[in-house]
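Participant: Before I ask anything, let me first share the structure, which is written out below as structure tokens.
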Amino acid sequence: MKNVIFSLMAAMLMVFSANAQTDSTKYGNTPEEQKECKECISLYREYRDQNMQKDALPYWRCAFRTCPQSAKTLYTDGAKFYGTILDGIYEDSTKADMRNAHLDTLMMIYDKRIEYFGEEGKVLTYKANDLFNYDNMRAEEANSMLKRSMELEGMNSDAVAASKYYQTLYEMYKVDKATKSDLLVEYMPVLEILDYNIARLDSAEGVRYEKAKNNLDAFFIKIAECDDIYRILGERLAETPNDIDLNKKALAVMNKRDCTDSDLYLQVAERVYQDKPTPDAAYSIGIQKLKAKDYTQALKYFEEAADLCGDCIDLNKYYLRAGQTASILGQTSKVRSIANKMIQNNPKSGDAYLLLGDAIAAAAKSCDDGKLGSYGAYWLATDYFAKAKSADRSVADKANQKIASYSKQFPLKIDIFFNNLDNGDSYTVACFGETTTVRSRD
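Mapped onto mature numbering (1 follows the signal peptide of the UniProt record, and there is no 0), the consecutive letters of the sequence shown carry residue numbers -20 to -1, 1 to 422.
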């Protein structure tokens, strides 16, 4: 027992000794260096806190040189200091050499931060962003850094990394250092990162990713015409037709731009689906079946896409196509079920309420009870159209058109009177089991 206690005490002493050594050596290797380091840190921070950057900088340089492991704030402060200097001379062509020298120092600050404090993926985003902002002729270097950052951070990549990666790739394309094919293929992986974070983050943080997505789309629209997409992706796929990852990216791009009128589209969709059924592949085959007016098969693939999707970003897109196809087939109950799933997934889905309204209006004749049953269906349908524009302003025009159209199917006041009702009364639509409000068309 005594031996065990002695061993534990010895181990604890070794840990304490190591910690003490680490804590002291981060300020320098000798007592003289440690004293100089602490004095320099104290003085630069004092000037920094008084917004006296010019006076702070010599002492910051002293700390950076003497004790680079002392604190992460040494690097965040250094980046701010040199960023401010660069902001002041950025547009002065007579100071290009000075700008380049300061920019090189800023890059070194980021490299040293990674060396001593890690977080390579995160810091590379800062480094690349500053490099490109202060010298856009070095887009290729910045792009390489951002690519590495995104490889390290994956789906948690920063909004700036994703947006600037595509922007720098576009700048490379302008000077023939990248191809249109590169831009088309890289679009979807970047979009996936942005959509993933928009969905999971709160509104304040999500806004950054929304802005990045808008920037991404602005560059994509500049280069993405369907004919170009078919030609470039077709050539790329002809070289490696069995590259499933490339096929998946190509399919996603064509779906994003709604470039579905091509044999290439179906070939790629079937290739991806045969390798392993995915939501995107099932949806794409469904689109082709829909265009061929094979509605039963189209519905099958759209429903499969939704099932495979789980809670993915595009779930409501798959549901919407399934609902629209079920509506063509006259499957009102299925349409209502799908629309309600859409609302459950996204209560602000205007398309879901439009789908519900259309399904109810289409079934109005089946609600005819010799009294006001059919009219009740039209009342209920317009209720859902009103909910659609209230939930989602982007569908307001569609909703208003449908309200105007179906309001013409309302009964006359005299018909309402003979059924012992009046405008504004409550009315239960028996065939749907829902309550609405009585309205006349005159």
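Ideal Cβ positions, reconstructed from N, Cα and C, are used throughout, including at glycine.
Alpha carbon to alpha carbon, how far is T46 from V165? Give it in angstroms, no decimals.
Facilitator: Using only the alpha carbons, I get a separation of about 47 Å.
Participant: Got a sec? Which residues, its chain only, sit under 7 Å from E12 by beta carbon, not counting five neighbours each side?
Facilitator: Hits under 7 Å: none found.
Participant: Check E121 in the structure and name its three-state DSSP category.
Facilitator: Three-state DSSP puts E121 in a helix.
Participant: Just verifying my parser: in three-state terms, what is the DSSP assignment at S406?
Facilitator: It is a strand residue.
Participant: Taking buried to mean at least 16 other C-beta atoms within 10 Å of its own C-beta, is S346 buried or exposed?
Facilitator: When all chains shown are included, S346 counts as exposed.
Participant: Taking A278 and L231 to be in contact with their CB atoms under 8 Å, please state how far apart those CB atoms are, rounded to whole angstroms.
Facilitator: Not a contact, Cβ separation roughly 17 Å.
Participant: Could you work out which residue in K160, T312, A59 is closest to Y210 when comparing CA atoms only?
Facilitator: The candidate whose alpha carbon is nearest that of Y210 is K160.
Participant: Decide if Q254 is buried, meaning its Cβ has at least 16 other Cβ atoms within 10 Å, or exposed.
Facilitator: Counting Cβ neighbours within 10 Å, Q254 comes out exposed, since fewer than 16 surround it.
Participant: So what's T415 in DSSP terms, helix, strand or just coil?
Facilitator: Looking at T415 - three-state DSSP - the assignment turns out to be strand.
Participant: If you draw a straight line from the C-alpha of Q30 to the C-alpha of Y24, how long is it?
Facilitator: Distance between the alpha carbons of Q30 and Y24: 10 Å.
Participant: Contact between the segment 97 to 115 and the segment 139 to 148 is defined here as three or more beta-carbon pairs at a separation below 8 Å; is this criterion met?
Facilitator: With the cut-off at 8 Å, the segment 97 to 115 and the segment 139 to 148 touch.
Participant: Between which two residues does the alpha helix (DSSP H) holding residue 485 run?
Facilitator: Since the first residue shown for the chain is -20 and the last is 422, residue 485 is missing from the structure and cannot be characterised.
Participant: Please report the residue range of the alpha helix (DSSP H) in which G108 lies.
Facilitator: Here residue 108 turns out to be Ala, not Gly, going by the sequence shown. 100 to 114 is the extent of the alpha helix (DSSP H) around A108.
Participant: Report all residues from its chain with a CB closer than 7 Å to the CB of K18; omit the five preceding and five following residues, and keep chain order.
Facilitator: Taken in chain order, the residues that qualify are Y7.
Participant: Whose C-beta lies closer than 6 Å to the C-beta of C411 among residues of the same chain, with five residues either side of it excluded?
Facilitator: Excluding residues within five positions, the ones whose Cβ falls inside 6 Å are C347.
Participant: Is A368 helix, strand or coil when you go by DSSP?
Facilitator: A368: helix per DSSP, three-state reduction.
Participant: Excluding sequence positions up to five away, which residues of its chain have a Cβ less than 8 Å from the Cβ of Y281?
Facilitator: Within the same chain, Y281 has close Cβ partners A262, Y263, I265, G266, K269.
Participant: Does the beta-carbon of I394 have 16 or more other beta-carbons within 10 angstroms, so that it is buried, or is it exposed?
Facilitator: It counts as exposed.
Participant: So that I know if they touch, is there some Cβ in chain C lying closer than 8 Å to that of L83?
Facilitator: Absent here is chain C; the protein component of the structure consists of one chain.
Participant: Would you decide whether V252 is buried or exposed? Buried here means 16 or more other CB atoms lie within 10 Å of its CB.
Facilitator: Answer is buried; the Cβ neighbour count reaches 16.
Participant: When burial is assigned at 16 or more other CB atoms within 10 Å of the CB, is G413 buried or exposed?
Facilitator: By the 10 Å Cβ count, G413 comes out exposed.
Participant: If we call anything under 8 Å between Cβ atoms a contact, is A344 one with Y358?
Facilitator: Yes, the Cβ-Cβ distance between A344 and Y358 is below 8 Å.
Participant: Can you say whether Q324 is buried or exposed, counting buried as having 16 or more other CB atoms within 10 angstroms of its CB?
Facilitator: Looking at its Cβ environment, which holds fewer than 16 other Cβ atoms inside 10 Å, Q324 is exposed.
Participant: Compare the Cα-Cα distances from N222 to each of Q247, I21, Y90, I203 and report the closest residue.
Facilitator: Among Q247, I21, Y90, I203, the Cα nearest to that of N222 belongs to Q247.
Participant: Could you check whether K378 and L334 sit closer than 8 Å to each other, using their CB atoms as the reference points?
Facilitator: Contact: yes.
Participant: If I'm right that A371 touches K328 with Cβ under 8 Å, what's the distance once you round it to whole angstroms?
Facilitator: Right, their Cβ atoms sit about 5 Å apart.
Participant: Does any heavy atom of the ligand MG sit closer than 7 Å to the C-beta of N9?
Facilitator: For the ligand MG, the structure offers nothing, since it holds no ligand at all.
Participant: Going by the CB atoms, is the gap between I201 and L163 shorter than 8 Å?
Facilitator: Not a contact, by the Cβ cut-off of 8 Å.
Participant: Kindly list the residues whose CB is nearer than 8 Å to the CB of C292, restricted to its own chain and excluding five residues on each side of it in sequence; keep chain order.
Facilitator: Same-chain partners within the cutoff: P259.
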